[in-house]
Each structure stands twice: as C-alpha cells, then as structure tokens.
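Heads up: the sequence lines are chains A and B, in that order. Mind the numbering: the first sequence is residues 60 to 302 in the working numbering, read in order. Mind the numbering: the second sequence is residues 60 to 302 in the working numbering, read in order.
Number of protein chains: 2
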Amino acid sequence: MPPKAKPAPLPSVWAREQRAPDQPALSREAIVREAVAMLDADGIEALSMRKLGARLNAGATSLYRHVATKDELMELAVDEVAAEIRVPELQDGKEWRAAVTGAAAGFRATALRHPWLSSVLGQAGLAYLGPNLMSYSERLAALFTAAGFPEPSRAIDTVLSYVIGMSTTEAAWLTTVARSGETEAGFIARLMPAAQQAAAGHEHLAGSYTDAAAVTDPVALRDEKFRYGLDVVLDGLALRLPK
Amino acid sequence: MPPKAKPAPLPSVWAREQRAPDQPALSREAIVREAVAMLDADGIEALSMRKLGARLNAGATSLYRHVATKDELMELAVDEVAAEIRVPELQDGKEWRAAVTGAAAGFRATALRHPWLSSVLGQAGLAYLGPNLMSYSERLAALFTAAGFPEPSRAIDTVLSYVIGMSTTEAAWLTTVARSGETEAGFIARLMPAAQQAAAGHEHLAGSYTDAAAVTDPVALRDEKFRYGLDVVLDGLALRLPK
DNA sequence: CTTCGTTGCGAACACTGTACGCACAGCGGA
DNA sequence: TCCGCTGTGCGTACAGTGTTCGCAACGAAG
Chain A
60 MPPKAKPAPL PSVWAREQRA PDQPALSREA IVREAVAMLD ADGIEALSMR KLGARLNAGA
120 TSLYRHVATK DELMELAVDE VAAEIRVPEL QDGKEWRAAV TGAAAGFRAT ALRHPWLSSV
180 LGQAGLAYLG PNLMSYSERL AALFTAAGFP EPSRAIDTVL SYVIGMSTTE AAWLTTVARS
240 GETEAGFIAR LMPAAQQAAA GHEHLAGSYT DAAAVTDPVA LRDEKFRYGL DVVLDGLALR
300 LPK
Chain B
60 MPPKAKPAPL PSVWAREQRA PDQPALSREA IVREAVAMLD ADGIEALSMR KLGARLNAGA
120 TSLYRHVATK DELMELAVDE VAAEIRVPEL QDGKEWRAAV TGAAAGFRAT ALRHPWLSSV
180 LGQAGLAYLG PNLMSYSERL AALFTAAGFP EPSRAIDTVL SYVIGMSTTE AAWLTTVARS
240 GETEAGFIAR LMPAAQQAAA GHEHLAGSYT DAAAVTDPVA LRDEKFRYGL DVVLDGLALR
300 LPK
C-alpha cells in the first residue's frame with residue numbers, strides 16, 4: 060500500500076471514534092436546529108444534506124433515519140422559526156389595532172431574520188399545518204374575534220396576505236443586498252444609475268428613484284413603508300367593525 | 060461495429076442533420092419562450108438546461124451562448140410573462156377603484172396561470188427591472204397619480220404587497236393540489252379530517268374548517284376571498300385621497 | 001448468549017448547472 | 001481561390017445534489 064493512500068476505514072474496532080456523550084447523537088430536533096442555523100448563516104442554496112450531516116459529525120444518509128426527505132426537513136425548519144413569532148394578547152377590545160400591529164411586526168421580524176423563509180413560502184405556501192404555525196393562526200383568530208369582527212378569517216387572510224407580500228419582497232431584497240457584499244445604502248447608491256436609466260421614458264416612475272432618503276437611512280424607510288401599508292389595511296378593516 | 064452501438068458522431072460531413080429552416084436556429088427569444096412553456100407544463104423543478112436544450116433540438120450547453128446562466132434565464136422568463144398583465148387606462152379620475160381592481164386581478168391571473176412565478180418571486184423579489192415589469196409599474200403609477208393620490212408610490216407598494224401575498228399563497232396551494240393529481244374540491248375533502256384534527260384544541264380556528272362551501276366551489280371562494288381583501292385595501296387607500 | 005429492532009453509514013445512481021475546448025459555418029479581404 | 005476571423009453548436013468533464021440499498025454495529029429483551 061502506498062503511504063499516500065486515503066485514510067482507509069480503520070479496520071480496528073477499538074480505534075473507532077466514540078461519540079462525545081454531550082453531543083447526544085442524532086435526533087430530529089438537533090437536525091432541525093442545525094439546519095436553521097445553516098440556513099440563517101449561509102442562505103437556502105448553501106444547505107445540503109451532506110454539509111448538514113458533516114456539521115452534525117454524521118454522514119449525509121444518516122439524516123434520513125429521522126427525516127423522510129429534504130422537503131420535510133424544510134417544513135420542520137419553517138415551523139421551528141414560526142415559534143418565534145409573538146402575538147400580543149388582547150384584554151380590552153379597543154386596543155385591537157395595536158395588537159394586530161404587534162403580530163404583524165412579529166411576522167415581519169422573523170421573516171427578515173430568516174430570509175430563506177420567503178423562498179420556502181413561495182414554493183410551498185402556508186399549507187404546512189405545523190403546530191407552531193397553527194398556534195400563530197389561532198392566536199390571530201382569537202385576537203380578531205375578541206375585537207368583534209364578524210368574519211375573523213377574512214380579516215386574517217387580508218392582513219396576512221399584506222404582511223407576507225411585503226415581508227417576502229423585503230427579504231428577497233435583503234438577500235440580494237447580502238450577496239453583493241455591500242451595505243444596503245451602498246448597494247442602493249451603486250444601483251441608482253441603472254435604475255434611473257431604466258426608468259427613462261417612464262415619467263411617472265422617475266419620482267420614485269430620486270428619493271435621496273433611501274440612501275441615508277434605508278432601514279427606517281422600509282420600516283415606515285411597512286407601517287404605512289399596514290395602517291391602510293387596518294383602516295379598511297376598521298370600517299367593517301359593527302357599529 | 061456492432062449494430063446496437065450508440066448513434067456515434069457520424070463522421071461524414073454530408074450526412075449531417077441540416078437544421079430545418081423554419082426552426083430558426085437558437086435564439087434568446089425562442090429559448091425564453093420554450094422555457095416558459097416547460098415551466099407552465101411541468102412546474103419549476105422540472106426545468107433543466109438539458110431538457111430545455113433537448114426540446115429545442117439542441118445540446119444543453121448551446122443555450123449558454125444566448126443566456127449567461129440559469130438564473131438569468133429565469134429573470135427573462137419572469138419578464139416574459141409580465142407582459143401579459145393588463146392595466147386598464149384611466150380617463151375619469153372617479154373610476155380609479157375599478158381600474159386598480161382590474162390591474163390587481165390581472166396580476167393575480169398571470170400568477171395563477173404560471174404558478175412557478177411565485178417561487179421565483181420568493182427567491183428574487185421584484186428587483187428585476189425588466190422592461191415589461193417596469194412598464195407595469197409605470198402604468199400603475201400613472202393610474203394612482205391620475206386618481207389624485209398624494210403618495211402614489213406608497214399606494215402602489217401597499218396594494219402590490221397585498222396582491223403578491225395573496226397570489227403567492229394561492230399559487231403555492233394550487234401547485235400542491237396539482238401535484239396530488241386530484242381536483243381542488245377532492246383534495247380539500249381528503250385534507251379535511253387531518254386539518255380538523257390539527258385544529259383540535261384551537262377553539263377559534265375550528266370555525267374555519269367547517270366551511271362546507273370550500274368543497275362545493277373552491278374557485279369562487281378563492282375569487283371572493285381575493286376581492287374581499289382587495290376591497291379592504293382600497294377602502295383604506297380611499298381615506299387618504301385629498302378632499 | 002442469542003435475537004431483534006434501531007441507528008449510522010459507505011457506495012452507488014441518476015441528475016444537476018456549468019467551464020472548456022474543439023469543430024464548423026459564413027464572411028470580408030487578399 | 002484561399003486565408004483568417006468571428007460566432008455558434010456541442011461532447012466531455014467536473015463538482016456537486018437528493019436519495020436508495022445493503023451491511024455493520026449497537027442496546028435492550030427474551
């Protein structure tokens with residue numbers, strides 16, 4: 060055998076690497092947790108079963124003992140982060156706007172914290188039925204019912220659609236920015252000339268691209284944009300409250 | 060040479076297969092058009108450069124003479140279908156609601172006609188700047204400006220977010236249904252027991268899953284749901300019109 | 001001690017997107 | 001007529017991907 064041979068399976072039994080007892084072997088929970096960590100760190104296309112296995116000191120195919128398929132793993136990851144979303148409780152029916160605003164902001168915050176979520180939602184929608192997402196829906200339903208809405212599920216669908224649409228767009232934008240390696244303001248500044256040239260000939264669009272505030276504080280501008288649309292939706296819903 | 064050998068490169072020059080003159084070789088437009096056809100027919104994960112090349116009587120790598128990368132091809136495909144979206148023109152400022160409703164319905168219609176669009180939007184957002192999407196934005200901006208809105212771009216972002224969120228969710232749902240091979244009503248009926256069991260213990264959710272109308276005419280129900288939320292958004296916007 | 005169900009995993013399969021370099025077509029100029 | 005030159009097609013290859021299969025090792029149960 061040549062000395063440069065690859066490490067070989069080590070045929071001796073007692074030389075086998077014992078699994079550290081504090082690293083409690085492989086489990087569904089550990090797999091999902093580590094998958095979320097990898098997704099957050101490196102984005103959705105960087106997650107592969109092999110890399111995930113390596114990170115858990117395991118072979119790629121070992122994961123399939125605890126998870127049927129990669130799609131199922133993604134479903135579990137989605138429900139994992141769904142646990143983060145906070146929904147304020149409603150005591151007095153009058154404060155429903157503040158409570159819904161909090162619930163919406165909570166969704167947006169997790170969507171921006173885990174930008175891969177938008178990709179998964181675009182492919183699979185909300186058909187998950189995971190327990191944490193169910194619980195989120197339930198608390199939203201309780202909130203709208205307590206507020207006195209005659210059709211709480213309609214109201215939920217409306218505000219959720221707005222929140223999902225805006226958060227998805229924002230998350231995709233942030234992903235693009237992150238891939239460029241620049242700060243958000245720097246990326247906008249570099250994009251401006253191309254955008255303005257593309258807007259040439261579209262008179263009504265020109266105004267949107269001369270906004271200098273985008274460069275000074277893009278985060279605040281996005282926050283404000285989200286709040287504006289949410290207030291619009293809540294105003295429209297308020298008209299449907301009885302009395 | 061054995062008779063069962065693979066077709067071999069055919070070393071004779073005059074036996075080369077001449078390209079039919081009505082199939083005008085490979086071009087960017089033809090590639091994008093065929094890619095959209097494949098995406099519509101078989102969904103997003105069925106599109107591969109090799110299959111697309113085969114469909115155009117070309118090798119996989121030939122496509123790269125006209126398209127830099129698969130991502131760029133997807134951008135082009137998105138802009139291709141964006142050309143379908145119709146936006147009504149606005150003569151009288153009073154009919155802005157009908158016009159916006161038409162533009163929103165147009166977006167939703169194309170999103171449901173090409174369900175892969177939602178997946179791409181989830182991953183890349185609206186950062187495309189393709190000419191057809193630009194033109195759609197421009198016509199929307201013209202519409203809201205003519206209607207007299209003080210902040211047309213804010214209004215656009217709000218209604219677009221709602222429309223994208225709802226359409227994305229619907230498209231993902233329809234994709235799931237299509238994969239099951241059943242009709243929408245049949246799929247719902249088969250899903251009902253699982254959903255009701257999952258809703259057990261969530262009192263406020265139970266009501267949503269006893270709705271029998273979903274099984275009789277799910278299409279009309281989705282239409283109505285979309286209209287409800289859109290009306291909410293437009294009501295909220297109307298409050299911001301001067302006077 | 002034997003048996004059994006569970007867990008880990010190495011090898012393999014069928015694919016994927018894409019880089020590279022060669023073959024050839026059409027063409028303008030010598 | 002020949003010579004490059006440029007643009008197009010494509011065969012091969014590489015580095016990955018998700019997933020299946022069969023084998024090896026284990027802890028607990030009988």
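Positions of the beta carbon are idealized from the N, C-alpha and C atoms, including for glycine.
On the three-state DSSP scale, how would you describe residue i?
{"i": "T275 (chain A)", "result": "helix"}
{"i": "G208 (chain B)", "result": "Looking at the sequence provided, one finds Phe at residue 208 (chain B) rather than Gly. Reduced to three states, the DSSP call for F208 (chain B) is coil."}
{"i": "R198 (chain B)", "result": "helix"}
{"i": "A67 (chain A)", "result": "Annotation note: pLDDT 35 at A67 (chain A) (below 50); position unreliable, coordinate value reported separately. Coil."}
{"i": "I103 (chain B)", "result": "helix"}
{"i": "H261 (chain B)", "result": "coil"}
{"i": "L185 (chain B)", "result": "coil"}
{"i": "N191 (chain A)", "result": "helix"}
{"i": "V291 (chain B)", "result": "helix"}
{"i": "K110 (chain B)", "result": "helix"}
{"i": "S86 (chain B)", "result": "coil"}
{"i": "R299 (chain B)", "result": "coil"}
{"i": "I215 (chain A)", "result": "helix"}
{"i": "A127 (chain B)", "result": "coil"}
{"i": "R286 (chain B)", "result": "helix"}
{"i": "E143 (chain B)", "result": "coil"}
{"i": "A79 (chain A)", "result": "Caution applies to A79 (chain A), whose pLDDT of 43 falls short of 50 and renders its modelled position unreliable; the value that the coordinates give is listed next. Reduced to three states, the DSSP call for A79 (chain A) is coil."}
{"i": "G245 (chain B)", "result": "helix"}
{"i": "D151 (chain A)", "result": "coil"}
{"i": "G240 (chain B)", "result": "coil"}
{"i": "P252 (chain A)", "result": "helix"}
{"i": "L115 (chain A)", "result": "coil"}
Would you kindly check if the distance between the Cβ of residue j and the Cβ of residue i is under 8 Å?
{"i": "E143 (chain B)", "j": "Y187 (chain B)", "result": "no"}
{"i": "I215 (chain B)", "j": "L199 (chain B)", "result": "yes"}
{"i": "G288 (chain B)", "j": "M225 (chain B)", "result": "yes"}
{"i": "A113 (chain B)", "j": "L85 (chain B)", "result": "no"}
{"i": "L176 (chain B)", "j": "L233 (chain B)", "result": "no"}
{"i": "L132 (chain A)", "j": "V95 (chain A)", "result": "no"}
{"i": "V159 (chain B)", "j": "T217 (chain B)", "result": "no"}
{"i": "S267 (chain A)", "j": "S212 (chain B)", "result": "yes"}
{"i": "V343 (chain B)", "j": "L202 (chain B)", "result": "Limits of chain B in this structure are 60 at one end and 302 at the other, which puts residue 343 (chain B) out of reach."}
{"i": "D294 (chain A)", "j": "G102 (chain B)", "result": "no"}
{"i": "H263 (chain B)", "j": "E197 (chain A)", "result": "yes"}
{"i": "L149 (chain B)", "j": "A205 (chain B)", "result": "yes"}
{"i": "G207 (chain A)", "j": "L300 (chain A)", "result": "yes"}
{"i": "I247 (chain B)", "j": "V222 (chain B)", "result": "no"}
{"i": "A100 (chain A)", "j": "R109 (chain A)", "result": "no"}
{"i": "A136 (chain B)", "j": "L115 (chain B)", "result": "no"}
What does the Cβ neighbour count give for residue i, buried or exposed, with the cut at 16 atoms within 10 Å?
{"i": "V310 (chain A)", "result": "This structure gives no information on residue 310 (chain A), because the portion of chain A shown stretches from 60 to 302."}
{"i": "P174 (chain B)", "result": "buried"}
{"i": "E167 (chain B)", "result": "Checking the sequence, you will find Arg at residue 167 (chain B) rather than Glu. Answer is buried; the Cβ neighbour count reaches 16."}
{"i": "D276 (chain A)", "result": "exposed"}
{"i": "E283 (chain A)", "result": "exposed"}
{"i": "T228 (chain B)", "result": "buried"}
{"i": "S107 (chain B)", "result": "exposed"}
{"i": "Q182 (chain A)", "result": "buried"}
{"i": "R87 (chain B)", "result": "exposed"}
{"i": "E243 (chain B)", "result": "buried"}
{"i": "A141 (chain B)", "result": "buried"}
{"i": "L239 (chain B)", "result": "Reading off the sequence shown, one finds Ser at residue 239 (chain B), where the question assumed Leu. Exposed: under 16 other Cβ atoms inside 10 Å."}
{"i": "L111 (chain B)", "result": "buried"}
{"i": "A258 (chain B)", "result": "buried"}
{"i": "L298 (chain A)", "result": "exposed"}
{"i": "A157 (chain B)", "result": "exposed"}
{"i": "A127 (chain B)", "result": "exposed"}
{"i": "A230 (chain A)", "result": "buried"}
{"i": "A163 (chain A)", "result": "buried"}
Round the Cβ separation of residue i and residue j to the nearest angstrom and send it over; I've been treating them as touching at under 8 Å.
{"i": "G189 (chain A)", "j": "D138 (chain A)", "result": "3 Å"}
{"i": "T303 (chain B)", "j": "G184 (chain A)", "result": "This structure leaves residue 303 (chain B) out entirely; chain B is present only between 60 and 302."}
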